[in-house]
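**Q** Mapped onto my numbering, the consecutive letters of the sequence shown carry residue numbers 264 to 436.
We treat Cβ as the ideally placed atom computed from N, Cα and C, and that holds for glycine.
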Amino acid sequence: MDLADRYLNTKCTKYNLRCNQVGEAEANIALFTRDGETRGVQALYDMQCMWFECEIGDAYIRMKRPGLALKNFKAVERHFEDMIEDQFDFHSYCLRKETMRSYVNLLLMEDEIRSSKYFTRAAKAAIRLHIDMHDNPQQKDGSSEQAAALATLSLAERKKAQSKLRKYQAKKA
264 MDLADRYLNT KCTKYNLRCN QVGEAEANIA LFTRDGETRG VQALYDMQCM
314 WFECEIGDAY IRMKRPGLAL KNFKAVERHF EDMIEDQFDF HSYCLRKETM
364 RSYVNLLLME DEIRSSKYFT RAAKAAIRLH IDMHDNPQQK DGSSEQAAAL
414 ATLSLAERKK AQSKLRKYQA KKA
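Below is the structure:
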């Protein structure tokens, strides 16, 4: 792989994330940040690299790590909140400098700012994740699959399995 080819390495990073290889993807994309390995992902957040945050959020969903996925989707939302906040300064600037064409373009852009493909992608994924978490709540130890398996057993088998589980946890502790 050519380390100087940004397009190829960006594609490689995207496909690493789609294969749930988060560590390799972060290492690949960190090659193109100024700080390199030390602050690679943080630098991407500072540069508002939303495609990376959407892709890594999707990877975390596939890896069953909803907290990290929501963190990345929330970062995309924060980028748009920052953009909207930055536009307040531009209002006074346009009126002071009398650049009405730019001001009208700003007003038109404000109407469509949340229709960006990255915002809609992150919002839809976060909503799906929240709905899934509501529909399938996990137990304290995160064993929703175990609870589903226990529900299919008869009462005697369930008690026996729970007894074995308690013994295993006591032995483990």
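1) In chain order, what residues of the same chain lie with their CB nearer than 7 Å to the CB of residue 344, ignoring the 5 residues before and after it?
2) Between the alpha carbons of residue 330 and residue 288, how many angstroms are there, rounded?
3) Could you tell me the alpha carbon to alpha carbon distance between residue 391 and residue 318, rounded to whole angstroms?
4) Between residue 385 and residue 336, is the Cβ-Cβ spacing less than 7 Å?
5) Hey, how far is the Cα of residue 431 from the Cα of residue 396?
6) Measure the alpha-carbon distance for residue 402 versus residue 302 and round it to whole angstroms.
7) What are the boundary residues of the alpha helix (DSSP H) that includes residue 324?
8) Cα separation between residue 324 and residue 357?
9) Report back the beta-carbon spacing between residue 339 and residue 308 to the nearest angstrom; my notes put them in contact at under 8 Å.
10) Which residue comes first and which comes last in the alpha helix (DSSP H) that contains residue 376?
11) Could you compute how far the alpha carbon of residue 297 sits from the alpha carbon of residue 284?
12) State the DSSP-derived secondary structure class of residue 284, mapped to helix, strand or coil.
13) Going straight from the alpha carbon of residue 360 to that of residue 354, what length do you get?
14) Starting from residue 352, follow the alpha helix (DSSP H) in both directions and report where the run begins and ends.
15) Does DSSP put residue 426 in a helix, in a strand, or in coil?
16) To the nearest angstrom, how far is it from the Cα of residue 265 to the Cα of residue 293?
**A** This is what the structure holds:
1) none
2) 19 Å
3) 15 Å
4) yes
5) 28 Å
6) The pLDDT assigned to residue 402 is 48, lower than 50, so where the model puts this residue is not dependable; a value taken from the coordinates is nonetheless given after this. Cα-Cα distance, rounded: 35 Å.
7) 313–325
8) 43 Å
9) Not quite, the Cβ-Cβ distance comes to about 10 Å (not below 8 Å), so this is no contact.
10) No alpha helix (DSSP H) contains residue 376, which DSSP labels as neither H nor E.
11) 23 Å
12) coil
13) 10 Å
14) 329–360
15) helix
16) 15 Å
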